[in-house]
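Some notes on the structure that comes next.
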Ligand SMILES: [Zn+2]
C-alpha cells in the first residue's frame, strides 16, 4: 500500500469514528422520554426530526466510507468500477468515496 493510500485509509477511518459517535448521540437524543406537556412535545418532535435527518445523512456517509474501506482491503479501491483502469490517487484524495475514474464519472 502506498503512503498516500495509507493516508486516505486513515482519514476515512477517522471520519468513520466521528460519524459513528454522531449517530450514537442522535440515537440517545431520540430515545429520551417525551414530556407530558403538549407544547413541549411539539418542540421535542421537531428536535427529533432534525436529529433524524442528521442521523440519516451520517448513516449514508458511513455506508460510503465502509464501502471505500472494503475496497481498500480487497485492493479494488484504485481501480474504476466501470472500466477497470486506475483511478488517480489525486482524485481519490479529493473524492475518497468514488468508484469511478475521472472519465467514467463525467
Ligand atoms: Zn473508468
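Numbering (our numbering), first residue to last: 1 to 106.
Just so you know, even glycine gets a beta-carbon here, dropped at the ideal spot from N, CA and C.
Being a predicted model, the structure only gives us computed values, none of them experimental.
Residue i vs residue j beta-carbon contact at 8 Å
| i | j | result |
| --- | --- | --- |
| residue 58 | residue 12 | no |
| residue 65 | residue 22 | no |
| residue 53 | residue 97 | no |
Beta-carbon proximity list for residue i, same chain, < 6 Å, skipping 5 on both sides
| i | result |
| --- | --- |
| residue 51 | 26, 29 and 30 |
| residue 85 | 101 |
Segment limits, alpha helix (DSSP H) that includes residue i
| i | result |
| --- | --- |
| residue 75 | Note, residue 75: premise wrong, no alpha helix (DSSP H); not H, not E. |
| residue 88 | First-last for residue 88: undefined, no H or E at that position. |
| residue 105 | 102-105 |
| residue 18 | 3-30 |
Chain-order list of residues whose beta-carbon lies under 8 Å from that of residue i (same chain, five-residue window excluded)
| i | result |
| --- | --- |
| residue 62 | 16, 19, 20 and 23 |
| residue 102 | 87, 88 and 91 |
Nearest-angstrom beta carbon gap, residue j and residue i [assumed within contact, 8 Å]
| i | j | result |
| --- | --- | --- |
| residue 49 | residue 35 | That belief does not hold up - the Cβ atoms of residue 49 and residue 35 are roughly 16 Å apart, past 8 Å. |
| residue 72 | residue 5 | 7 Å |
| residue 106 | residue 8 | The pair is not a contact, with the Cβ atoms about 22 Å apart (cut-off 8 Å). |
Cβ shell of residue i (< 7 Å), same chain only, five flanking positions each side left out
| i | result |
| --- | --- |
| residue 104 | 80, 82 and 83 |
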